[in-house]
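Engineer: When we follow the working numbering, the leftmost residue of the sequence shown carries the number -14, and every step to the right adds one.
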Amino acid sequence: MQGKKLLVTGGAGFIGGNFVQYMINKYPQYDINNLDGLTYAGDLTKHREIEKKENYHFMKADIADREAILPLFEKEKFDYVVHFAAESHVDRSITDPEIFVRTNVLGTQVLLDAAKQMEVTKFVHVSTDEVYGELELDSSTLFTEETLLQPNSPYSASKASSDFLVRAYHETFGLPVNITRCSNNYGPFHFPEKLIPLTISRVVNNQKVPVYGDGKNIRDWLHVHDHCAALDLVLHEGVTGEVYNIGGHNERTNLDVVKTIMTTLGKSEEFIEFVPDRLGHDKRYAIDPTKLEKLGWKPTYTFETGIAQTIEWYVENKWWWEQIISGEYKNYFKKHYSLDQS
Ligand code: NAD
Ligand code: TDX
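(1) Pick out whichever of Asp28, Gly2, Glu119 has its Cα sitting closest to the Cα of His321.
(2) Out of Leu134, Phe108, Pro177, Asp98, point me to the one whose CA is closest to Asp50's CA.
(3) Could you give the first and the last residue of the continuous alpha helix (DSSP H) run that contains Val86?
(4) In whole angstroms, what is the alpha-carbon distance linking Glu289 and Ala53?
(5) Between the Cα of Glu59 and those of Glu130, Gly226, Ala100, spot the shortest distance and give me the residue it belongs to.
(6) For the beta strand (DSSP E) that Thr113 lies in, which residues bound it at each end?
(7) Just how far apart, CA to CA, sit Glu76 and Tyr229?
(8) What do you reckon, are the CB atoms on Glu121 and Pro136 nearer than 8 Å?
(9) How would you call Asn19, buried or exposed, if buried means at least 16 neighbouring beta carbons within 10 angstroms?
(10) Give the single residue among Lys268, Glu156, Lys283 whose Cα lies nearest to the Cα of Thr275.
(11) Do you know whose CA, among Lys107, Ile203, Thr184, lies nearest Phe63's CA?
(12) What are the partner residues of Arg269, as DSSP defines its beta bridges?
(13) So is the beta-carbon of Val111 under 7 Å away from any non-hydrogen atom of the ligand NAD?
(14) When DSSP labels each residue in this structure, what does Leu150 get in the three-state scheme?
(15) Excluding sequence positions up to five away, which residues of its chain have a Cβ less than 6 Å from the Cβ of Arg187?
(16) When you compare the region 86 to 93 with the region 240 to 248, are there three or more beta-carbon pairs, one atom per stretch, that lie closer than 8 Å?
(17) CB of Asn230 to nearest heavy atom of the ligand MG: below 7 Å?
(18) Mind checking Tyr314: buried by the 16 CB within 10 Å criterion, or exposed?
Okay, here's the thing in structure tokens:
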């Protein structure tokens, strides 16, 4: 495959960061550009192994800053955009919804304008299964691409809004887009505010793990590596204008997930602390990935192999999540990038 210029937004975050590394390894002939605003969730230490590579470039910018984004697109002339940058934590969207609208809705619209103006070859919008709302705990219904969008949290409402804008830029202006809707991810470099890395880091440090409500809510888990492979396929082979669901049929209750981690780490269930439920807590998510499977994707991890690999990674890479918890990782940017504006 010929060299292409790829823009990854949010490549200092969890999934975008894994995607940058996946693409650098798989396509050494590509020019990989990581654009990230380095919010609390953005961390560049994860890229210390690749940051000296000639085909990797980092750009600090806010996707909602039109004055910065349009000239950047004019200068760089990207072929492909894979758009991850977002406010991603549901709990934060309950306490501070406004930033979710600014980044997830306005930020996406600014990128769409830039992509349209510069006629990019493909714009992949990384969305989430949460836009479909929730399923009943005792049902076997799955979300398909035809399921009505009924987002329940400010986070999922902002993601659904951005999905509609992406669709509109395709229908109105013919922008070549795909929208992907993935289930819950887990794996290396997952920010330790989310359930799985929070549980592992707290159990390793002998601290109790807060389980919301009765712990019976169900999430459908996918290893981040399998999400990256799916996005690679959609970027190169996805039919323009189509939506693809991504998921690996790994439904688990939160309590099952937490107990699996505790058992693997040799800790007893005394470390579980039931706390008041999340407001508007979606009961169950479950993805039907048939359409993507027909395109040629299948996951490589089961939940059992994936969670074992992930727990091992967190135990071996305590340096990474400890500097996040202490806030020290912010100094890395100051040391390594002279253009720090923060
Ligand atoms: P994350 O919070 O780990 O990373 C988000 C990244 O975006 C960070 O590096 C942050 O600095 C950057 N960012 C935030 N606001 C920005 C702005 N205004 N300008 C530029 N950069 C900004 O998120 P994640 O879990 O890696 O999720 C990535 C994407 O995948 C999101 O769009 C999310 O909705 C979607 N998604 C996530 C999951 C999941 O389980 N984590 C599942 C499905 C879809
Ligand atoms: O401390 C906790 N205790 C707890 O019981 C936390 C942080 C979460 N939970 C529960 C809430 C959810 O039912 O665990 C489940 C998973 O919670 P999160 O890790 O916050 O993920 P979720 O709310 O399901 O959303 C995630 O998946 C879809 C990502 O954060 C989103 O960005 C993605 O779109």
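Glycine residues also receive a C-beta, built at the ideal position from the N, C-alpha and C atoms.
Structural biologist: This is what the structure gives:
(1) One-based indexing of the sequence shown puts residue 321 at position 336. If we check each option's Cα against that of His321, Asp28 comes out closest.
(2) The residue labelled residue 50 in the question sits at position 65 within the sequence shown. For Asp50, the nearest C-alpha among the options comes from Asp98.
(3) Start at 1 with the first residue of the sequence shown, and residue 86 comes out as number 101. Counting along the chain, Val86 falls outside any alpha helix (DSSP H), and DSSP gives it neither H nor E.
(4) Position 304 of the sequence shown, counting from 1, holds the residue named residue 289. Position 68 of the sequence shown, counting from 1, holds the residue named residue 53. Each residue's alpha carbon lies about 44 Å from the other.
(5) Here residue 59 corresponds to residue number 74 of the sequence shown, with the count starting at 1. It is Ala100.
(6) Taking the sequence shown and counting its residues from 1, the one referred to as residue 113 is at position 128. Its beta strand (DSSP E) spans residues 107 to 113.
(7) On the sequence shown, residue 76 is found 91 positions in, with the first residue counted as 1. On the sequence shown, residue 229 is found 244 positions in, with the first residue counted as 1. For the record, residue 76 in the displayed sequence is Asp; it is not Glu. Roughly 26 Å separates the two Cα atoms.
(8) Residue numbering aside, residue 121 sits at position 136 when the sequence shown is read from its first letter. Residue numbering aside, residue 136 sits at position 151 when the sequence shown is read from its first letter. Contact: no.
(9) Translated into the one-based positions of the sequence shown, residue 19 becomes position 34. Result: buried.
(10) Counting from one through the sequence shown, the residue named residue 275 turns up at place 290. Ranking Lys268, Glu156, Lys283 by Cα distance to Thr275 puts Lys283 first.
(11) Here residue 63 corresponds to residue number 78 of the sequence shown, with the count starting at 1. For the residues Lys107, Ile203, Thr184, the minimum Cα distance to Phe63 belongs to Lys107.
(12) The residue you call residue 269 lines up with position 284 of the sequence shown. Its beta-bridge partners are Leu120, Ile203.
(13) The residue given as residue 111 occupies position 126 in the sequence shown. Result yes, Cβ under 7 Å from the ligand NAD.
(14) One-based indexing of the sequence shown puts residue 150 at position 165. Of the three classes helix, strand and coil, the one that applies to Leu150 here is helix, per DSSP.
(15) Position 202 of the sequence shown, counted from the start, is the residue given in the question as residue 187. Taken in chain order, the residues that qualify are Val194.
(16) no
(17) Absent from the structure shown: the ligand MG. Ligands present: the ligand NAD and the ligand TDX.
(18) Counted from its first residue, the sequence shown places residue 314 at position 329. It counts as buried.
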